[in-house]
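S.K.: If you scroll down you'll find the structure; I have some questions about it.
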Amino acid sequence: MLFKTDRFGMFIHFGIYSINAWHEQEQMRLNIPKSEYIKNADIFDPYNFNAEEWVLFAKESGAQYICFTTKHHDGFCMWDSKFTDYKITNTPFKRDLLKELADACQRHGIKLELYYSCPDWNYKHSVNNGGSHQLPKPNPGDEPNEALYIQYVKNQITELLTNYGKIYAFFWDIPPVRRDKSVNELVRSLQPHILINDRGYDEGDYSTPERDDSASNFTRLCEACQSVGYQSWGYRKNEDYFTPQSLISSVSKILIKGGNYLLNVGPDSTGKIPQKSAEIFSAVGNWYKKIYNSIVNTKYIKAGDFEYTTKNNSLFLHLPAAFGCSGAVLKPINILPKALTFLNGDEKIDYKVEYTPVDYNGKDNSSHLHLYNIPAEKYIGENMVIQMDFDNIAEVLDLFKNETDDRIL
Ligand code: GLC
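Mapping of the sequence shown onto numbering that gives the first Met the number 0: position 399 corresponds to residue 398, and the numbering continues sequentially without gaps.
What follows is the structure in structure tokens.
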């Protein structure tokens with residue numbers, strides 16, 4: 000289930016902006032007149048696009064779902080919409096790309112989430128008055144009309160939520176000028192099980208921290224998003240790429256607290272996911288696969304110097320990438336686990352309950368669980384997870400409760 004067992008997804012920003020390979024918002028950021036920008040649609044031909052390849056790549060990399068940009072701020076539609084001519088089936092490519100993607104997702108058990116931008120820089124009735132992610136003023140010839148625009152949006156989401164199979168979540172982008180509950184009501188009436196994000200026509204079901212992993216605790220469902228590159232979500236030729244390690248660290252922060260994570264790639268204008276983005280994405284996904292059990296259906300605990308998750312009789316210790324030490328004293332735990340497993344690899348970690356001199360004031364001479372031979376040197380920069388199974392986890396959790404400081408969440 001999305002947000003329960005399916006916690007890591009691949010965000011895909013793909014559109015005609017990939018041609019200039021600069022940024023998905025180039026029309027606005029570079030002040031390109033609509034009459035110029037739309038010429039990209041006449042030459043858009045992602046001949047290397049292969050839905051099967053994208054979906055299998057996502058799946059092999061550990062992603063359990065895909066979130067796809069059906070219409071970004073530029074207003075260009077990546078499906079065969081009856082309500083506009085500004086769409087993928089009117090390009091040299093001709094095919095309904097979303098349909099192929101949705102079918103491939105279905106074939107391979109990958110869930111689909113749809114992204115749809117509220118701002119629209121093309122449709123003649125959309126509102127562009129310099130608001131958030133709106134053009135500074137309407138395009139020549141436009142006739143802005145909020146009511147007609149909402150009708151257009153409703154017509155389009157009806158297509159998206161009727162013709163493309165089961166849609167698991169709906170990702171609105173950039174809250175519209177005016178909220179209108181009837182829009183999400185329509186979404187829910189078409190796909191009753193769907194989850195809706197908080198950037199649309201009402202507060203929706205889940206929050207969407209963007210390029211921000213600092214949240215300390217989630218009061219509602221959460222899906223954080225980030226891209227493999229710093230500059231752009233759409234394909235960018237000279238992108239500044241994050242290291243897999245920095246992304247793993249960010250993904251870990253969100254996952255252990257119960258949030259979902261969408262990691263974005265931007266295919267190039269031929270429809271290929273760039274090699275570098277693919278390498279980064281799979282490195283993060285491979286880590287996710289290894290530590291998966293430690294973040295699914297678990298509860299987050301911060302106790303003493305460490306962060307844990309727990310479920311059943313297991314306690315998972317999450318060591319941050321910067322941990323950098325071959326041992327750890329897990330105060331206040333003084334119970335020996337019956338088994339201990341390192342999730343990142345095959346290395347064996349030794350453990351004992353013993354008195355250690357870490358408490359320099361000499362007042363605390365009690366014994367604690369001490370882990371040895373943590374392979375920090377080998378997994379340098381990678382968050383490490385250690386699973387500890389106890390006969391009676393309740394006893395361990397009780398020790399956390401007795402901690403006198405207030406760091407226990
Ligand atoms: C921001 C950007 C947009 C991008 C989105 C992804 O809202 O404006 O270009 O698609 O983030 O969450």
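Every residue, glycine too, gets a C-beta built ideally from N, C-alpha and C. Note that this is a predicted model, so its numbers are computed, not measured.
Regarding Gln24 and the ligand GLC, is the C-beta to nearest heavy atom distance less than 7 Å?
M.R.: Under cutoff, so the answer is yes.
S.K.: Relative to the C-alpha of Leu96, which residue among Asp84, Phe48 and Asn285 is closest?
M.R.: For the residues Asp84, Phe48 and Asn285, the minimum Cα distance to Leu96 belongs to Phe48.
S.K.: Return helix, strand or coil for His71, following the three-state DSSP convention.
M.R.: Of the three classes helix, strand and coil, the one that applies to His71 here is coil, per DSSP.
S.K.: Could you check the C-alpha separation between Arg406 and Gly270 for me, to the nearest Å?
M.R.: Here the model assigns Arg406 a pLDDT of 37, short of 50, so the residue's position is not dependable, and the following value carries that caveat. One C-alpha to the other measures close to 47 Å.
S.K.: Rounded to the nearest angstrom, what separates Phe10 and Tyr299 at their Cα positions?
M.R.: So the two alpha carbons sit approximately 26 Å from each other.
S.K.: My assumption, with CB atoms under 8 Å, is that Pro420 sits in contact with Gly199. Please give the rounded CB distance.
M.R.: The requested residue 420 does not occur in the structure, where the chain is confined to residues 0 to 408.
S.K.: Does the region 224-242 come close enough to the region 260-279 to have 3 or more Cβ pairs within less than 8 Å?
M.R.: At 8 Å Cβ cutoff, the stretches touch.
S.K.: Check whether the region 285-295 touches the region 327-334, taking contact to mean three or more Cβ pairs, one atom from each stretch, closer than 8 Å.
M.R.: Contact between the region 285-295 and the region 327-334 is absent, because fewer than three Cβ pairs lie under 8 Å.
S.K.: Per DSSP, which residues does Asn259 bridge with? Please list them.
M.R.: Per DSSP, Glu222.
S.K.: Identify whether Asp141 lies in helix, strand or coil by the three-state DSSP scheme.
M.R.: Coil, per DSSP.
S.K.: Just to check my reading of the structure: Leu185 and Ile156 have Cβ atoms closer than 8 Å, yes? What is that Cβ distance to the nearest angstrom?
M.R.: Indeed they touch by this definition, with Cβ atoms about 7 Å apart.
S.K.: Kindly examine the ligand ZN and report whether one of its heavy atoms sits closer than 7 Å to the Cβ of Cys224.
M.R.: Summarising the ligand content, the structure contains the ligand GLC and does not contain the ligand ZN.
S.K.: Let me check you understand the geometry: is the CB of Ile409 closer than 7 Å to at least one non-hydrogen atom of the ligand GLC?
M.R.: A query on residue 409 cannot be resolved here, the shown segment of the chain reaching from 0 to 408 and no further.
S.K.: Might you give, ordered along the chain, the residues of its own chain that have their beta carbon closer than 6 Å to the beta carbon of Lys86, omitting 5 neighbours on each side?
M.R.: Same-chain partners within the cutoff: Cys76 and Ser80.
S.K.: Determine whether the beta carbon atoms of Gly8 and Leu261 lie at a separation below 8 Å.
M.R.: Yes, Cβ-Cβ distance for Gly8 and Leu261 is below 8 Å.
S.K.: Going by the C-beta, is Glu238 closer than 7 Å to any heavy atom of the ligand GLC?
M.R.: Every heavy atom of the ligand GLC is 7 Å or more from the Cβ of Glu238, so no.
S.K.: Nearest CA to the CA of Lys252: which residue from Glu25, Ala146, Trp78 and Pro208?
M.R.: That would be Pro208, whose Cα lies nearest to the Cα of Lys252.
S.K.: Look at Met387 and Ser325 and say whether their C-beta atoms are less than 8 Å apart.
M.R.: Taking 8 Å as the Cβ cut-off, Met387 and Ser325 do not qualify as a contacting pair.
S.K.: Quick one: is Thr403 buried, meaning 16 or more other Cβ sit within 10 Å of its Cβ, or exposed?
M.R.: Here Thr403 scores only 49 on pLDDT, less than 50, and its place in the model should not be relied on; the value that follows carries that caveat. Looking at its Cβ environment, which holds fewer than 16 other Cβ atoms inside 10 Å, Thr403 is exposed.
S.K.: Compute the Euclidean distance between the alpha carbons of Pro374 and Glu346, then round it to the nearest angstrom.
M.R.: If you take the alpha carbons of Pro374 and Glu346, they lie about 7 Å apart.
S.K.: Quick one: what's got a C-beta closer than 7 Å to Val126's C-beta in the same chain, skipping five residues either side?
M.R.: These residues qualify, in order along the chain: Gln133, Pro143, Glu145, Tyr148 and Val176.
S.K.: Exposed or buried, what is Ile109 when buried is set at 16 or more other beta-carbons lying within 10 Å of its beta-carbon?
M.R.: The residue in question, Ile109, is buried, as its Cβ has 16 or more Cβ neighbours within 10 Å.
S.K.: Determine the direct distance from the alpha carbon of Glu52 to that of Trp286, and round the result to whole angstroms.
M.R.: Roughly 21 Å separates the two Cα atoms.
S.K.: Buried or exposed for Ala321, going by 16 or more other Cβ atoms inside 10 Å?
M.R.: With fewer than 16 other Cβ atoms within 10 Å, it is exposed.
S.K.: Relative to the C-alpha of Gly14, which residue among Tyr115, Ala57, Ser34 and Glu59 is closest?
M.R.: With distances taken between Cα atoms, Gly14 lies closest to Tyr115.
S.K.: Hey, could you find the ends of the beta strand (DSSP E) Gln386 is sitting in?
M.R.: Met383 to Asp388 is the span of the beta strand (DSSP E), which, as asked, contains Gln386.
S.K.: So, is Met0 buried or exposed, given that buried needs 16 or more other C-beta atoms within 10 angstroms?
M.R.: With fewer than 16 other Cβ atoms within 10 Å, it is exposed.
S.K.: Can you round the beta-carbon distance between Ser213 and Asn382 to whole angstroms, since I take them to be within the 8 Å contact cut?
M.R.: No, Ser213 and Asn382 are not in contact; Cβ-Cβ is about 16 Å, not under 8 Å.
S.K.: Determine the DSSP secondary structure at Asp102, reduced to helix, strand or coil.
M.R.: Here Asp102 sits in helix by DSSP.
S.K.: To the nearest angstrom, how far is the alpha carbon of Gly203 from that of Asp211?
M.R.: When rounded, the distance between both Cα atoms is 20 Å.
S.K.: So what's Thr340 in DSSP terms, helix, strand or just coil?
M.R.: Three-state DSSP puts Thr340 in a strand.
S.K.: List the whole-angstrom C-beta distance separating Cys455 from Val54, where the pair is believed to meet the contact cut-off of C-beta under 8 Å.
M.R.: The displayed coordinates of the chain run from 0 to 408. Any statement about residue 455 would go beyond what the structure contains.
S.K.: Bridge partners for Leu1 per DSSP, in chain order?
M.R.: Per DSSP, Asp5.
S.K.: If you reduce the DSSP assignment to three classes, tell me which class His107 lands in.
M.R.: It is helical.
S.K.: How far does the beta strand (DSSP E) with Asp349 in it reach, from first residue to last?
M.R.: Segment Asp349 to Tyr354, the beta strand (DSSP E) holding Asp349.
S.K.: For the ligand GLC, any of its heavy atoms closer than 7 Å to the Cβ of Glu112?
M.R.: It does not: the Cβ of Glu112 is nowhere closer than 7 Å to a heavy atom of the ligand GLC.
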